[in-house]
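Q: So that we are looking at the same thing, I have put the structure below in structure tokens.
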Amino acid sequence: MKYILNFSYSFLFYLLLLPNIMEGQTIVVKPYLQDATPQSIVVMWEANASGNGFVHWGSSSSNLDYTVQSTSIVGSGSSRIHSATIEGLTPETKYYYQVMMASGSASYIYHFHTPPLKSSNQPINFVAMSDMQRDVNNPTVFENLVKNGIIPVVDTALEKGVQDIHGIIIPGDLVQTGGTYSSWRTDFFNLSDSITPYVPTYPVPGNHEYYSGGLPNFLKYFTLPLNGSSGNPEEWWYKDISNVRLIGLNSNSPSAQLTEQITWLQGVLDEAGLDPHIDFVFAQLHHPYKSELWVPGESDFTGDIIQVLENFSTTYGKPSLHFFGHTHSYSRGESRDHHHLWVNVAVAGGSIDNWGEFPNADYEEFVISEDDYGFVLMQVEAGLNPKFRLRRFSRGDQYVAKNNTLSDDLTIKRYGYGPKKPFGVYPSVDSISVNCVFLKASDFATPNAIHQGTHWQVAQGCDFNGSNVINIWKQNENWYNEVNTQANDDLTDQDVQGLQSGNTYCWRVRYRNEFLDWSDWSDPLTFHTKSSNNFLTTNLVLNNGAESGISNWSGAIESLTNNECNSVPVYIGSRFFAVGGVCANESSMGLAQQIVNVSGYSALIDNGQVYAKYSAYMRAYASNNDKPEMYLEFLNAGGGVLLTTPTITSSTSTWTLKTQDINIPAGTRQIKVMLKGTRLAGTDNDSYFDEINVKLYEQNCPTCFGSNLTSAQDSDGDGVCDVFDCAPSNPDIYPGKIELCDGIDNNCDGLIDNGATVVWTGNGDGVSWQDPNNWNQMITPLPCQHVIIIENVSVSLTGNTLIKSLEVADNSVLNINQNAELTIDGDNSGLQASAIIHGICNNWGRFFVTNSETHGIKVDGLVNNQSNGLIEIDHVILNDIIVLSSGNFVNHSHIEIGE
């Protein structure tokens, strides 16, 4: 009886103690996934006390037949962060798992899906978002974004919903203060645990992770690939998922480590460039290079990273992008000369950087910036026609909520083809007023494509590779401060300011489509400039050459003599200006200013008739060692800034004249002339200025293209002056117009198309599709034409072309070469098929047939889809491909059949 009594007391004591034991091993951070591969995945969680942990896993929720024991590290105090690696998995397979502590504390049963092999050519998807650090005034934003944003969007967009997401990309600022340990649980993990147990998370540190010494906490909580530099494990890394190389970088590192990352990145990119399974590179880092809503947040390191990524994309023909954050807004832009995207995927929870709250800047790279909460969904396809689609979903702001509004949508293809080459219309040969230089190019002539951008170049002496080329780049959209400043711009004309009178210039233009593929440059045209007699003022700048010391100027400015204080020789006279400190008060950045009164011209200014021409001779001590800049600020009567002009600058080691013109905004009563010096190297700020000039002039130019006379008439309102228009009474016929397959010279080039059908003659070089002399209309086939290739010829297509239908006659060969594209698009109800091949068609490129009312491709000869060739057919009413008894269809590569 005593024994039983003692046992009962012992058992009762155990029962009383057991809740405390279990409470001491409670899971306080739910399981979350890390570093997934096709064969393995890492499961992590946190418990509030020490003790063994386990992951039970299997192929179904009722058969968790396998167990992995975790390892753990100290979190904070008594807490332990656990990690368990599940291995021996099968690619593209769904598994279930449950976390359990030795005390019996257990998680729910979750599931994950292993990613595909690199060689599988399977599609993948990512969610990208940034800066979810909790805003105390709006603390539920991040949790709502996950539960009511990401999850419902992917449930609609992806076949299996969250299961089809292969990673969550987060370029920093997961919490407000990285050193506040509890915030990782309360502000990040607890708010995202409706998705992180199912999808791996791939973050990089932001500056807030460093606050209060918080980087060690970041490194404790995440298991990232150990393929970066050994001295900084998990701070920079890369991971291959299907055809994407995902790269993480740390833009917060000390300068030596930043340099180390660039060297490391170059090697990682070269490896990706040579890897046949990698089509795209997605990089992420925290800081922006350019930031439209928060200029002070910019980082030159990111600019260095962009340059490396741009060179990679151009060298290897593989598009890239970089995700970033730091600025609490969304922005998306692209590099002009490379297939590289710039994407700010903030803000997912932090306080929004509202328009006007901080210094803003309208950068030419960006097409959209919006001060909203939101996230980005990336959908990537592999195979012979790899591409990715980027969509931004907005959740609104702190004042007006939005329910996952689609605010941006872009598709990028690895193998793209540029639009049809444009041609210059005007000016050509004419001598025109230097203040009235308006360029006009042909209409965008690629049907079913979007005219996304135009790049103009103007060069003295036709040297387009020289340092004095004027580049003007416009995109079809520019959503800045809630307004699309590019609305109603068809991108086919452009005014050019800053030219010098009495000179000869050449100009050319190229067009870009929605996939960011450029056309070839147009053939250059030449024009001459003559002086304008419309100046309203002489130079408004007082003491413009420092001959009176620094009188009339204020700020960090010095008046120097020839080579004074080891500076530079004077340009003209006996003195010149230095801004930022040479002889004394050296600083990294200096500003000087002078205000001039223009109220006497208020009536003309308010009517929009007055322009300012501003110029200066500028130089640095040595090339690119420091940066002198000049710009204007237009002030209203109360001194408020109406507009800040673009800067002019020259960091060369010789005195160089820089000039710019700009329309003065209505309401301007004063102009503030600003000089800026930025030190890039050394101790002195060698930013030098001389002969500073601001003049006002009244622009009086023709209102149409094709004449230098202000009296020129445009009778039909098509924008072309009558004297230059071959049909001055018909607004549908003008220079630069698209040919319409109607037997009329629509574009005034003296050539008339043959109507609906064009026939190969071979009277040019006898081989090239692109040679207009090989066709009976002396024009290459138009998108609205049926193309006939006659018997006993061989034709080679090396570019991209769009036609309505095709017939290749007996004993003839059509070769679609590598990197060429033939698209057949049109209602062909009157024909047997969109493409009829009696002879031979060899395809090494891309052969695309769509929108046929009959058959797609009809073969009674031979179609040979060669290695790496791609044939795509969709929206065909009858048979996609029909091969007659006398025909043969040989496929060595890939065929895609759509709807």
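Take my numbering: the last position of the sequence shown gets the number 1820, and nothing is skipped along the way. Glycine included, every Cβ here is placed at the ideal spot set by N, Cα and C.
1) Which same chain residues, not among the five before or five after P1036, have their C-beta less than 6 angstroms away from its C-beta?
2) For A1078, name the three-state secondary structure that DSSP assigns.
3) Taking C-beta to C-beta, are I1654 and C1662 nearer than 8 angstroms?
4) If you compare alpha carbons, which of N1812, T1413 and G1603 is closest to I1659?
5) Please list the segments of the alpha helix (DSSP H) lying wholly inside the region 1180-1254, counting only runs of 4 or more residues, in order along the chain.
6) What is the DSSP secondary structure of D1435, reduced to helix, strand or coil?
7) Who are C1762's beta bridge partners in DSSP?
8) Can you look up P1154 in the DSSP assignment and give me helix, strand or coil?
9) Any idea if Y1102 is buried or exposed, counting beta-carbon neighbours within 10 angstroms, 16 or more meaning buried?
10) Any idea if V1562 is buried or exposed, counting beta-carbon neighbours within 10 angstroms, 16 or more meaning buried?
11) Go ahead and pull the three-state DSSP assignment for R1590.
12) Would you call the region 1061-1070 in contact with the region 1285-1304, where contact means no fewer than 3 C-beta pairs closer than 8 angstroms?
13) Pairs of beta-carbons, one from the region 1725-1737 and one from the region 1752-1771, closer than 8 angstroms: are there three or more?
14) Less than 6 angstroms between C-beta atoms, sequence neighbours within five positions excluded: which residues of the same chain meet that for W1576?
15) With a floor of 3 residues, list each beta strand (DSSP E) that falls wholly inside the region 1364-1407, ordered by position along the chain.
16) Mind checking which residues open and close the beta strand (DSSP E) that includes F1359?
17) For a minimum of 3 consecutive residues, which ranges assigned as the beta strand (DSSP E) are wholly contained in the region 986-1074?
18) Does DSSP put C1625 in a helix, a strand or coil?
19) Looking at the unbroken alpha helix (DSSP H) that takes in Y1542, where does it start and where does it end?
20) Check whether the Cβ atoms of V1083 and Y1119 lie closer than 8 angstroms to each other.
21) According to the Cβ coordinates, are I1526 and V1519 closer than 8 angstroms?
22) Among residues of its own chain, excluding the 5 on either side of W1394, which ones have a beta-carbon nearer than 6 angstroms to its beta-carbon?
23) Below 8 angstroms, can you find three or more Cβ-Cβ pairs linking the region 1794-1811 to the region 1319-1338?
24) Throw me the rounded Cβ distance for the F1244 and A1049 pair, which I believe falls under 8 angstroms.
25) If the criterion is Cβ atoms closer than 8 angstroms, does the pair L1752 and T1775 meet it?
26) Measuring alpha carbon to alpha carbon, tell me which residue in N1487, L1630 and T1566 is nearest G1603.
27) Using only the alpha-carbon positions, how far apart do N1111 and S1104 sit?
28) Please look up how many angstroms separate the CB atoms of H1247 and H1207, rounded, as I've assumed it's under 8 angstroms.
29) Can you give me the Cβ contacts of G1664 inside the same chain, cut-off strictly under 8 angstroms, excluding the 5 residues immediately before and after it?
30) Does DSSP classify T1107 as helix, strand or coil?
31) Taking the straight line between their C-alpha atoms, what separation do you get for M965 and G1271?
32) Spell out a yes or no on whether the region 1356-1376 and the region 1413-1428 are touching, meaning 3 or more CB-CB pairs, one atom from each, closer than 8 angstroms.
33) Determine the direct distance from the alpha carbon of E1398 to that of N1405, and round the result to whole angstroms.
34) I'd like the ranges of any beta strand (DSSP E) spanning at least 3 consecutive residues and lying wholly in the region 1682-1720.
35) Less than 6 angstroms between C-beta atoms, sequence neighbours within five positions excluded: which residues of the same chain meet that for N1800?
A: Taking the definition as stated:
1) For P1036, where only same-chain residues beyond five positions count, the Cβ hits under 6 angstroms are A957, P959, H1087 and I1162.
2) In the three-state reduction of the DSSP assignment, A1078 falls in the helix class.
3) no
4) For I1659, the nearest C-alpha among the options comes from T1413.
5) 1221-1237
6) Note on identity: in this sequence residue 1435 is Glu, with Asp being the wrong assignment. E1435 falls in the coil class under three-state DSSP.
7) DSSP lists L1735 and V1784 as partners of C1762.
8) Three-state DSSP puts P1154 in coil, outside helix and strand.
9) Y1102 counts as buried, since no fewer than 16 other beta carbons sit within 10 angstroms of its beta carbon.
10) exposed
11) coil
12) Proximity of the region 1061-1070 to the region 1285-1304 meets the contact definition, three or more beta-carbon pairs being nearer than 8 angstroms.
13) yes
14) Y1492, Y1538 and R1540.
15) Those beta strand (DSSP E) runs which fall completely within the region 1364-1407 and span 3+ residues are 1374-1381 and 1391-1396.
16) Where F1359 is concerned, the enclosing beta strand (DSSP E) stretches over V1358 to A1362.
17) Complete beta strand (DSSP E) runs here, min 3: 987-990, 992-995, 1001-1007, 1015-1022, 1027-1034 and 1045-1049.
18) Residue state for C1625 is assigned as coil, using DSSP reduced to three classes.
19) Here Y1542 belongs to no alpha helix (DSSP H), and DSSP marks it neither H nor E.
20) yes
21) yes
22) Once the five neighbours on either side are set aside, the close Cβ partners of W1394 are R1257, E1285 and H1376.
23) Contact between the region 1794-1811 and the region 1319-1338 is not established, with fewer than three Cβ pairs separated by less than 8 angstroms.
24) 5 angstroms
25) yes
26) N1487
27) 10 angstroms
28) 5 angstroms
29) I1673, D1674, N1675 and G1676
30) helix
31) 25 angstroms
32) yes
33) When rounded, the distance between both Cα atoms is 6 angstroms.
34) 1707-1710 and 1715-1718
35) Hits under 6 angstroms: H1776.
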